[in-house]
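Chemist: Per the numbering used here, the sequence shown runs over residues 46 to 851. For every residue, glycine included, the Cβ atom is placed at its ideal position computed from N, Cα and C.
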Amino acid sequence: MSQYPANKIEKKWRQKWVDHNLYQAEDDVPGRDNFYHLVMFPYTSGNLHIGHWYNYTGADVYARFKILEGDNVMSPIGFDSFGLPAENAAIKHDIQPREWTYDNIDHMRKQIKTIGTCFDWSREVITSDPEYYQWTQWLFIQLYKEGLVSREKVSSNWCPSCKTVLANEQVVDGQCERCDTPVVQKEIEQWTIKTTEYADELLSGLEDLDWPKRTKDMQRNWIGRSQGVEVKFDLEPVDKELPAFTTRIDTLYGVTYLVIAPEHPLLQDLKKKIKNWEEVADYIEQAQHKTDRQRLIEEKEKTGLEIKGVQAVNPVTGNKIPIFVSDYVLLSYGTGAIMAVPAHDERDYEFAEKFDLPIKQVIKKEDKETEKCYQGEGVLINSGQFNDLPTEEARQKILKWLQKNDKGEAKTNYRLRDWIVSRQRYWGVPIPMVYCEEHGWQPVPEEDLPVKLPQLDNFRPTEEGQSPLARSEDFVKTKCPVCGKEAQREVDTLDTFVDSSWYFLRYVDPHNDKQFADPKKIKKWLPVDAYIGGAEHAVLHLLYSRFVTKALRDMGYLDFDEPFLKLRHQGFILGPDGQKMSKSRGNVIDPDEEVEKHGTDVVRTYLCFMGPFSESGSWQPEDVKGAKRFLQRIWDLQDQIKDKESSREMKRKLHQTIKKVGEDMEQFKFNTAISALMVLLNDFEDADFVGRKDFDLFLRLLSPIAPHISEELWQENIAERDDFESIFEQSWPKYKPELIKKEEIELVIQVNGKVRGETKIKQGADKEMARKAAKKVDNVQRYLKEKEIHKVVFVPDKLINFVIKN
Ligand code: ANZ
46 MSQYPANKIE
56 KKWRQKWVDH
66 NLYQAEDDVP
76 GRDNFYHLVM
86 FPYTSGNLHI
96 GHWYNYTGAD
106 VYARFKILEG
116 DNVMSPIGFD
126 SFGLPAENAA
136 IKHDIQPREW
146 TYDNIDHMRK
156 QIKTIGTCFD
166 WSREVITSDP
176 EYYQWTQWLF
186 IQLYKEGLVS
196 REKVSSNWCP
206 SCKTVLANEQ
216 VVDGQCERCD
226 TPVVQKEIEQ
236 WTIKTTEYAD
246 ELLSGLEDLD
256 WPKRTKDMQR
266 NWIGRSQGVE
276 VKFDLEPVDK
286 ELPAFTTRID
296 TLYGVTYLVI
306 APEHPLLQDL
316 KKKIKNWEEV
326 ADYIEQAQHK
336 TDRQRLIEEK
346 EKTGLEIKGV
356 QAVNPVTGNK
366 IPIFVSDYVL
376 LSYGTGAIMA
386 VPAHDERDYE
396 FAEKFDLPIK
406 QVIKKEDKET
416 EKCYQGEGVL
426 INSGQFNDLP
436 TEEARQKILK
446 WLQKNDKGEA
456 KTNYRLRDWI
466 VSRQRYWGVP
476 IPMVYCEEHG
486 WQPVPEEDLP
496 VKLPQLDNFR
506 PTEEGQSPLA
516 RSEDFVKTKC
526 PVCGKEAQRE
536 VDTLDTFVDS
546 SWYFLRYVDP
556 HNDKQFADPK
566 KIKKWLPVDA
576 YIGGAEHAVL
586 HLLYSRFVTK
596 ALRDMGYLDF
606 DEPFLKLRHQ
616 GFILGPDGQK
626 MSKSRGNVID
636 PDEEVEKHGT
646 DVVRTYLCFM
656 GPFSESGSWQ
666 PEDVKGAKRF
676 LQRIWDLQDQ
686 IKDKESSREM
696 KRKLHQTIKK
706 VGEDMEQFKF
716 NTAISALMVL
726 LNDFEDADFV
736 GRKDFDLFLR
746 LLSPIAPHIS
756 EELWQENIAE
766 RDDFESIFEQ
776 SWPKYKPELI
786 KKEEIELVIQ
796 VNGKVRGETK
806 IKQGADKEMA
816 RKAAKKVDNV
826 QRYLKEKEIH
836 KVVFVPDKLI
846 NFVIKN
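(1) Please name the residue in Ile-319, Lys-347, Lys-239 and Pro-307 whose C-alpha comes closest to that of Gln-331.
(2) Starting from the Cα of Thr-301, find the closest Cα among Ala-326, Glu-351, Lys-316 and Gln-187 and give me that residue.
(3) For Arg-293, count neighbouring Cβ atoms within 10 angstroms of its own Cβ and tell me buried if that reaches 16, exposed if not.
(4) Hey, is Tyr-378 close to the ligand ANZ, as in C-beta under 7 Å from one of its heavy atoms?
(5) Assuming contact is defined by CB atoms lying nearer than 8 Å, are Leu-447 and Val-276 in contact in what I supplied?
(6) Quick one, which of Asp-148, Asp-519 and Gly-809 has its alpha-carbon nearest Phe-839's?
(7) With DSSP as the reference, identify every bridge partner of Asp-255, one or two as the case may be.
(8) If you compare alpha carbons, which of Lys-696, Lys-698, Glu-508 and Met-478 is closest to Phe-520?
(9) Let me know the secondary structure DSSP gives Gly-644 once reduced to three states.
(10) Among the residues of its own chain, which have a CB less than 7 Å from the CB of Cys-528, if the five just before and after it don't count?
(11) On the premise that Leu-588 lies in contact with Trp-267, defined as a C-beta separation below 8 Å, what is that separation, rounded to the nearest angstrom?
(12) For the region 723 to 774, list the alpha helix (DSSP H) runs that are entirely contained and at least 4 residues long, ordered along the chain.
(13) Can you name, in chain order, every residue of its own chain whose Cβ lies under 7 Å from the Cβ of Asp-393, other than the five neighbours on each side?
(14) DSSP three-state label for Ile-476, please.
(15) Indicate the three-state DSSP secondary structure (helix, strand or coil) for Ser-545 in the structure shown.
(16) Assign Ser-663 to one of three DSSP states: helix, strand, or coil.
(17) So, at 7 Å on beta carbons, what are the nonlocal neighbours of His-582 in its own chain, with the 5 sequence-adjacent residues on each side left out?
(18) First and last residue of the beta strand (DSSP E) that includes Tyr-81?
(19) Can you name, in chain order, every residue of its own chain whose Cβ lies under 7 Å from the Cβ of Thr-226, other than the five neighbours on each side?
(20) Go ahead and label Met-626 buried or exposed: buried means 16 or more other beta carbons lie within 10 angstroms of its beta carbon, across all protein chains shown.
(21) First and last residue of the alpha helix (DSSP H) that includes Gln-60?
(22) Does the ligand ANZ have even one heavy atom less than 7 Å from the beta-carbon of Val-521?
(23) Report the option in Leu-402, Tyr-419 and Gln-272 whose CA atom is closest to the CA atom of Gly-379.
(24) So Met-119 is in the beta strand (DSSP E); what residue range does that whole segment cover?
(25) When the Cα of Val-274 is compared with those of Val-837, Lys-456 and Tyr-178, which residue comes out closest?
(26) Taking 8 Å as the cut-off, decide whether the C-beta atoms of Lys-522 and Lys-530 are in contact.
(27) Compute the Euclidean distance between the alpha carbons of Lys-832 and Asn-824, then round it to the nearest angstrom.
(28) Looking only at its chain, what residues have a beta carbon closer than 7 Å to the beta carbon of Thr-102, apart from the 5 residues adjacent to it on each side?
(29) Pull up the DSSP beta-bridge partners for Ile-238, would you.
(30) Under a Cβ-count criterion, where at least 16 other Cβ atoms within 10 Å of its own Cβ denotes burial, should Thr-260 be classed as buried or exposed?
(31) How is the beta strand (DSSP E) around Phe-839 delimited, first residue to last?
(32) Closest to Tyr-373 by C-alpha separation, out of Asn-359, Lys-405, Glu-791 and Lys-335, would be which residue?
(33) Would Gln-156 be called buried (16 or more neighbouring beta carbons within 10 Å of its own) or exposed?
(34) Decide yes or no for the touch test of the region 608 to 617 against the region 113 to 130: beta carbon pairs closer than 8 Å, at least 3 of them.
(35) What's the C-alpha gap between Lys-198 and Glu-232?
(36) Put Val-521 into one of helix, strand or coil per three-state DSSP.
Below, the structure written as structure tokens:
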């Protein structure tokens, strides 16, 4: 028995697979269905970590399984290479972002290849290549022409350290997700993509997707559709009205004050009428220093003040009510003003308590004492003509009343905001827009694309937070596409999420220089059949890609609605101590070292064995050795091979394993697939010999997980042709149902340890089934009659023992 030479055979097979273009996907293969299998492409951070390995290994197992199942699989890979981390690293190391990025790509490409994946490298895309970003610019221009891009002065999340605007999604707990600096609000002119135009479809489209429920829920919350009513409150003594959005119009009689957001434009309009304007202006100024998120933090004590001199009128009661300004109301949601019902809304309740405002109950929980602030459903009280109505019915009736009196309308609101895509940084796609004094903003003519990112000696952001491209006169100066007179280029670059919002389309035709992809090829491959990657992209990348797909569909470029039909997230690999891996904890596992030590297949097998693909697990060096022993034992089986038919019992076991492994593979339960293979391996070892045909099938089952050793053993022991034919050109084994039918066994029945009978039951029957069958046996019944059963001992497929009190 020899030690299995992992490193030698692994390199050899990887080379052989490349030499034979084994994974280069053809658009058409007769008799095979196309299967587009995609992993989220990596950011060019410079080093693959174990999380990448985990992701790519699991994805590769599934891809290889699909290949064996007979699909024509395309599994492309590329690099997401623009963006801030590259720029920040380049600043730190005093090199050009381009150099840093492309060196990293070279290194990462080599690392990825050691995973032994079936990626089709001929389709590689790199988002910072002009060949690629020409089409990112094209996409932006198409969205612009469709009216889906606008330039607006918007209050934006500004990171003072990165000196750039961040999308809402990039602000975590009020801080920049990259550098943890507290984010401030700043009014800036920005290019904005109108994702909200597709809010409804982005929501309804989730229904039919085979995605993790949590991810769908996150998208639903992020889109946040809310149905309610916009009520108009007349103001006094001015001839103006203030609309408020509410989901609880049934509480209208309980409104005791209104609250308006500090940035609400109405406040500026009422400046002259507001008696305490100075105080109000002060408050507005303070609120500007907080982000929406900070303002919404629940535990925070509410602040605000009353606007003196202006009041509102409740449309149903005619009562005059005070108006407050407070930052717990956001301008960006609804109408930027609310009707406050402290008896039935907690935030309003807190505010009313603090400012000593009246609290009027209008909903009663049936037959129960009502709490101080009751937010649930019930029956209306203190509500005039609507008294005694259940809340749901009251909502409809009050809405009707408001509509009739022109005081309100049904309204749907969304939490989703438009996508601000301007970044005041260097390392990104130049936004292909030109500003002319006379003709305003104009898109760069498509024949002039790409607008290339120039090399800049100084690529650091300017002190004013302007894009570094502003420093390059050569870049900025251009001609207006309309009049040909002098004009200026946009100096901002695109958010990198624009780059990755369409890369999956490019893979089907990555070198096309006439269009982003040939429609015929798009039809052949898209949408993506299986998409695998991190759950952290739930509301960013995945939402943007869905939006872009829908927008391009409506422009006639695509004929499907959703980009990713099936989505799976990989779990998280923790350090041996069960903690998140980090340099400071010293618990980082370096995949390169592990591969060097054990070989790729061992690392792959171990990663697959850690748990279901979607769950997290901690790296256990002892278990890695276990994976190595497992493969070594398979290697050793070669000595047991005979050209003989194996027993029926062995065949039954083999076919049971085929069934189990196939089902597990489809569900990304690679861990239990390996367990099943381990059980079969034990059976093989215990048998007198291993039939060559059985070994062949065993290797095919193993091959998605450990492709190199499977190929080697298959070539050495199974392959018959003289020219090279890979195990991955074989088919996935089919189990024979008649072989795995459960057979009957004789179950021995004991009472207090003495044999009292036997009965036939299905093999694998559980304790309950065995107990029922045993109790039917006459002799056993006699012994158990009128006796209390104390305990039942059960040995599956062998015996059952009733312990009774005598
Ligand atoms: C009166 C009321 C009474 C409310 C009640 C709730 C309970 P969703 O479901 O998230 O859409 N609201 C509206 N606009 C707001 C803004 N700009 N900033 C902060 N809060 C705002 O929530 C809608 C509810 O959130 C609205 O219904 C409003 O409070 C508040 F017993 O109106 B409600």
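Modeler: Reading off the structure:
(1) Pro-307
(2) Glu-351
(3) buried
(4) yes
(5) yes
(6) Gly-809
(7) Lys-611
(8) Met-478
(9) coil
(10) Cys-481, Glu-483 and His-484
(11) 7 Å
(12) 737 to 747 and 752 to 762
(13) Ala-385, Val-386 and Pro-387
(14) coil
(15) coil
(16) strand
(17) Met-85
(18) 79 to 84
(19) Cys-204, Pro-205, Ser-206 and Gln-220
(20) buried
(21) 51 to 64
(22) no
(23) Gln-272
(24) 117 to 119
(25) Lys-456
(26) no
(27) 14 Å
(28) Ile-160, Arg-649, Leu-652 and Cys-653
(29) Val-194 and Trp-464
(30) buried
(31) 834 to 840
(32) Lys-335
(33) buried
(34) no
(35) 6 Å
(36) helix
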